[in-house]
Amino acid sequence: MENRLETDHAFLSLKLVGVRSNRDAIGAMVELLADGRRRVRQVTAGDGYLSQSSSTIHFGLGEATSIDGLTIQWPGGARETIEPMAVNGRYRVVEGEGRGTSIERPTPRLSVRERQDRPQPMTRILLKTPLPLPPPLLRELRVKTGTATLVNLWAHWCLPCAEEVRSFAAASTELNAASIHWSPVSLDPPEDRDAATDWYRRQHEVAGRSAMAAAVFLDPDALVTLETLIQHVTGRADELPIPANLLIDAEGRLQILYFGAIIPSRFLSDAGGALDPAQSPSRRSLYPGRWYYGSPRNLGELGRLLKKRGRQDDAEFYLERSDRP
């Protein structure tokens, strides 16, 4: 941590360079006279527990306006008087020269930059073992019975969401041809729903298409369930990023998770393979080879976590299935 607070008090900063003594002048004693006071500093190294001292000598001079005298006793024993220096300066003093050379304040290597809302790269998670979703959540997400559904999670303040909603609105013909229902689900809070509805309508106007599905507003309790399920899949308790997309098959099982904006052509290509029952299990795994057994999920743990978060009905859905062979 570096103190960069501005102050009106005077100072003097010295960087000593040894010639006859060691290069960093470790052990040198510096005596400064200013405003009738004597101040002494020593160049040290490693004087703290697991820490390294700075080789720069700093004198705080308070309200002093000039330096009356400066003497250095170098590590080799030589004593040297240095020519007068100005207050509020930074100087490099080489052993034997008798004077200081003004130096600029070091420029920090790292600078704090203004945050930019740049689009994040898309992350795709293909579930090796599809996760069945509880019926109440399927209803909240407006999943269509008997057909695959793409649940698109968005919010009206999300810039990448706007482009994604427009691209899927423009791809309505391709989605219908692939027998995939599109469900646009807003994560906006209840007080923002009017603004979100207007935002959703405007995205379709920009795309030049009429809305192929009405905007869906997720109940806050259902959002708790959804976030818990995603935490179960990813193994992380991070806040749900948006835009996000969920591919749910005709049996109500989560097949693919997308975090970040996705283009319809990429999704349609993925969906064709994920929804194919003849697809090899090895295509769903991070590990190559031939799989002779499934990879069961710990639905009991998921059910207990939902119960702990107050989602009793959804918890029972998984707890009942955890006892099945």
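Using the working numbering, you'd call the opening residue of the sequence shown number 701 and step up by one each time. Just so it is clear, CB atoms sit at the ideal spot from N, CA and C, and this is done for glycine as well.
C-alpha gap between residue i and residue j, whole angstroms
i, j, result
"L732", "S766", "11 Å"
"L887", "I962", "18 Å"
"A914", "P884", "7 Å"
"P819", "G960", "Because P819 sits at a pLDDT of 47, beneath the cut-off of 50, its placement in the model cannot be relied upon, and the point is left open."
"T756", "L714", "6 Å"
"P941", "V851", "14 Å"
"Y958", "S969", "14 Å"
"T934", "I825", "8 Å"
"E780", "S754", "22 Å"
"G1000", "P943", "29 Å"
"Y791", "L770", "12 Å"
"Q752", "D724", "13 Å"
"N945", "T849", "10 Å"
"Q1027", "N998", "Because the chain here runs from 701 to 1025, residue 1027 falls outside it and cannot be looked at."
"G964", "P836", "Note that residue 964 corresponds to Pro in the displayed sequence, not to Gly. Whole-angstrom Cα-Cα distance: 27 Å."
"V719", "V743", "15 Å"
"A786", "L859", "54 Å"
"T873", "S910", "12 Å"
"S879", "R842", "15 Å"
"H881", "K1008", "33 Å"
"L1019", "T897", "37 Å"
"E1016", "G908", "44 Å"
"L1006", "W854", "23 Å"
"L831", "A745", "59 Å"
"A862", "L875", "18 Å"
"R1021", "K844", "23 Å"
"L954", "Q931", "13 Å"
"T823", "D949", "20 Å"
"P834", "A877", "28 Å"
"R737", "A937", "59 Å"
"L947", "F917", "18 Å"
"A869", "Y900", "10 Å"
"K828", "A871", "28 Å"
"G777", "T707", "36 Å"
"S867", "G1003", "36 Å"
"V717", "I772", "11 Å"
"R805", "R741", "20 Å"
Beta-bridge partners of residue i, as assigned by DSSP
i, result
"S713", "H758, R790"
"V916", "V885"
"T1089", "Summary: the structure shown does not reach residue 1089, with the chain confined to residues 701 through 1025, and so no result is reported for it."
"W854", "S886"
"R842", "DSSP lists no partner for R842."
"Q742", "M729"
"T823", "F959"
"G1010", "DSSP output for G1010 lists no bridge partner at all."
"S910", "For S910, which the question treats as bridged, DSSP gives no partner whatsoever."
"N945", "N852, Y958"
"S721", "Its beta-bridge partners do not exist; DSSP assigns none."
"G800", "V793"
"L923", "In DSSP, L923 forms no bridge with anything."
"I880", "A848"
"R737", "A734"
"L831", "L954"
Residue environment, residue i, which counts as buried when at least 16 other CB atoms sit within 10 Å
i, result
"G989", "Low confidence applies to G989: its pLDDT is 49, below 50, so where it sits in the model is not reliable, and the reading given next is rough at best. Label assigned to G989: exposed."
"I956", "buried"
"A939", "The question names Ala, but residue 939 is Glu in the sequence shown. Per the 10 Å Cβ criterion, exposed."
"G952", "buried"
"D1014", "buried"
"H709", "exposed"
"Y749", "exposed"
"W1026", "It is not possible to answer for residue 1026, since the shown part of the chain is limited to 701 through 1025."
"V793", "buried"
"P996", "exposed"
"D919", "exposed"
"E864", "buried"
"E1010", "It is Gly, not Glu, that sits at residue 1010 in the sequence shown. Answer is exposed; the Cβ neighbour count stays below 16."
"A895", "exposed"
"I803", "exposed"
"E840", "buried"
"G972", "exposed"
Does the stretch 888-908 come into contact with the stretch 926-941, if we say contact requires no fewer than three beta-carbon pairs (one atom in each stretch) closer than 8 Å?
no
Counting Cβ pairs, one atom from each stretch, are 3 or more of them under 8 Å apart for the stretch 790-807 and the stretch 894-908?
no
Under 8 Å: do the stretch 725-741 and the stretch 756-772 share three or more Cβ pairs, one atom per stretch?
yes
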